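Protein chains in written order, with the numbering used here: chain A, 1173 to 1384; chain B, 1173 to 1384. C-beta atoms are modelled at their ideal positions from N, C-alpha and C, and glycine is treated no differently. Note that the structure is predicted; figures quoted are calculated from it, not measured.
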């Protein structure tokens, strides 16, 4: 498979982890989002949203990281990234979406550029914005973990799911942006469990060939 | 089932459509997001993110609209809201996520309040922000529809899927916020096809008992 990726992209990070967990090898094609590689006509033809990741599987073009994770789960069921029963699957998907659909969209490069370039917010205001939305998502996840009896080493059960993938990809930028993480002990314990697994560690932004 | 809902919430609208399509009756519990009902301790105990919707199915508590749609699809497979083959499912989920994970999160009440209360943006700037992000998502969906041979009356195939649900819930606020919609003819044709179906029309914000 071929992955269009950027080392710092949370969404690319999610797909890298899932591919590693499933044991699927990939060829990376790097785009530098801060330099605007995603706006080039050639990439726009591949991904009209002009975002990463895009995953190419043969003649199939896949976009949106959670849709890609569901595709990988359906096509390559082992090891599973979702629990077996519907209630647990919904809970795991819900945790994943708190990251992917509520926190992450607010801090992506195009939104930060709009804040700076159009709304003329200061660097301090932009940093406070990023910390606010990352923190709101982490707080919600921490509370949900506390009331979920099947959480512990991982968000649900004894192996990583898409909830853990999304938890890790939210904690990583929280560290980058100096958010205090001690209010989230359950979540951080899970983060450490995950990062001890090579599929997660090898997917970390700092380990990518395009890392700066 | 019991649905915690707000008439203007795109995410509640998605769940209302899906329940209607599946023929599942519900009891509504209304929260007024602009009056802050979601911050009350009793609701926070139900939904720590303090957002709608929350769906209660017996003793199961479900949160995050796309996780709820996937749950309904797994538990009540007829009529299906996802196509059968993995490639088409990924495309449909990708379209849904352009709305749910990239456009909608930027215009929810809590974000608009942050823009106004913390960043002190003007009413005109806030409206331009909303129109910008709704338009960016609609443009990407329009382009993807143009290259997708299975789109036409609906986003994919001959019956509505979660992609159509999310398309409708993005067009509706675009109308509210006076966004010009003529650049999106494919998407608007699908919107009209959907709104001719009572499951969609009955779920519209204006038809809800808490509509103002």
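Legend entry - Contact between the stretch 1295–1310 of chain A and the stretch 1221–1238 of chain A (3+ Cβ pairs under 8 Å): no
Inset, instruction - Tell me, please, whether the CB atom of residue 1348(A) is closer than 8 Å to any CB atom in chain B? - result: no
Legend entry - Exposure of residue 1181(B), with buried meaning 16 or more beta-carbon neighbours within 10 Å: buried
Legend entry - Between the CA atoms of residue 1220(A) and residue 1316(B) - distance to the nearest angstrom: 7 Å
Inset, instruction - Let me know the secondary structure DSSP gives residue 1174(A) once reduced to three states. - result: strand
Legend entry - Spatial distance of residue 1378(A) from residue 1178(A) (CA atoms): So the two alpha carbons sit approximately 11 Å from each other.
Inset, instruction - Could you name the residues of the stretch 1275–1306 of chain B whose beta carbon sits closer than 9 Å to any beta carbon of chain A, in the order they occur along the chain? - result: Legend: CB atoms of the stretch 1275–1306 of chain B lying less than 9 Å from CB atoms of chain A belong to residues 1275, 1276, 1277, 1278, 1280, 1282, 1283, 1286, 1287, 1290, 1291, 1293, 1297, 1300, 1301, 1304 and 1305.
Legend entry - Length-filtered (3 minimum) beta strand (DSSP E) runs lying within the stretch 1213–1245 of chain A: 1226–1229 and 1232–1235
Inset, instruction - Kindly say whether residue 1341(A), judged by its beta-carbon, lies nearer than 8 Å to any beta-carbon of chain B. - result: Put simply, the CB of residue 1341(A) is far from chain B, with every gap to its CB atoms at 8 Å or more.
Legend entry - Closer than 8 Å to chain A by CB, residue 1261(B): yes
Inset, instruction - Determine the chain A residues that contact residue 1258(B) at a beta-carbon separation under 8 Å, and present them in chain order. - result: 1243, 1246 and 1247, listed in chain order.
Inset, instruction - Figure out for me which residue from 1244(A), 1331(A) and 1340(A) has the closest Cα to the Cα of residue 1313(A). - result: 1340(A)
Legend entry - Euclidean distance between Cα positions of residue 1246(A) and residue 1253(A): 10 Å
Legend entry - residue 1201(A) - DSSP class collapsed to helix/strand/coil: strand
Legend entry - Residue nearest to residue 1310(A) in terms of C-alpha spacing, selected from 1226(A), 1360(A), 1208(A) and 1382(A): 1360(A)
Legend entry - Option in 1363(A), 1187(A) and 1307(A) with minimal Cα separation from residue 1350(A): 1307(A)
Legend entry - alpha helix (DSSP H) segment containing residue 1364(A), residue limits: Membership of residue 1364(A) in the alpha helix (DSSP H) is indicated by the continuous run 1357–1367.
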